[in-house]
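Those letters in the sequence shown? Residues 5 to 149, by the numbering used here. Positions of the beta carbon are idealized from the N, C-alpha and C atoms, including for glycine. Bear in mind that the values here come from a model prediction, so they are computed numbers and not experimental data.
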Amino acid sequence: MGSTGTVLRELRGAQKSAKGVSLYSRYVNRPAGRMLAAGAYRAGLTPNQVTLVSAAFTYAALAAVALVEPSWTLGLAVYAALAVGFAFDSADGQLARLTGRGGPDGEWLDHVVDCGKLLLVHAAVLISFYRFGELPSEAWLLLPL
Numbered sequence: 005m006g007s008t009g010t011v012l013r014e015l016r017g018a019q020k021s022a023k024g025v026s027l028y029s030r031y032v033n034r035p036a037g038r039m040l041a042a043g044a045y046r047a048g049l050t051p052n053q054v055t056l057v058s059a060a061f062t063y064a065a066l067a068a069v070a071l072v073e074p075s076w077t078l079g080l081a082v083y084a085a086l087a088v089g090f091a092f093d094s095a096d097g098q099l100a101r102l103t104g105r106g107g108p109d110g111e112w113l114d115h116v117v118d119c120g121k122l123l124l125v126h127a128a129v130l131i132s133f134y135r136f137g138e139l140p141s142e143a144w145l146l147l148p149l
């Protein structure tokens, strides 16, 4: 494959079904992931490397939630990092379908990273509540669980 335009055309044909997908995924995340997958292809990255990039953005955002005092600036930075991480999460599968380099190991890595996100988002909020919240009772710490 030659140009980025050629790669993008190939990626359009390597998409999962849009049936049952949220509007955000359909109109924002998948197109962003397609652009990132094209860039990753041109850079010679593997799908597993793209998964690790996704994890880095997402886990950095979640660490910030847990460790930094909440503010509007933090909220915007966390939103941006989570959005980029989510787009890279879409890009890894698209790149795997494009290159035919998907397999059980990559699928496993993707699922492990995704499960870590689901667990850590609640843990990060819990830690933030504990560290920075002025809660009327410690029972409120059960809320993120």
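Contact between the segment 31 to 47 and the segment 105 to 122 is absent: fewer than 3 CB-CB pairs across the two stretches fall below 8 Å.
For Trp112, the uninterrupted alpha helix (DSSP H) run begins and ends at Pro108 to Phe136, by DSSP. Restricted to the segment 22 to 62, the alpha helix (DSSP H) segments that are unbroken, complete and at least 4 residues in length are 34 to 47, listed in chain order. Residues of the same chain with a CB within less than 7 Å of the CB of Leu86, apart from the 5 flanking positions on each side, are Thr62 and Ala65 in chain order. In the DSSP assignment, Trp144 falls outside any alpha helix (DSSP H), carrying neither H nor E. With fewer than 16 other Cβ atoms inside 10 Å of its own Cβ, Pro140 counts as exposed. In terms of Cβ geometry, Leu149 and His115 do not form a close pair [threshold 8 Å].
Within 10 angstroms of the beta-carbon of Ala84 lie fewer than 16 other beta-carbons, which makes it exposed. For a cut-off of 8 Å, the C-beta gap from Ala67 to Leu78 is around 12 Å, too long to register as a contact.
The beta-carbon separation of Asn33 and Ser94, rounded to 5 Å, stays under the 8 Å limit for a contact. DSSP places Arg101 within a helical segment (H, G or I) once states are collapsed to three.
Note that the C-beta distance between Ala91 and Ala42 is not below 8 Å. DSSP places Val82 within a helical segment (H, G or I) once states are collapsed to three.
By the CB criterion at 8 Å, Glu73 and Phe136 fall inside the cutoff.
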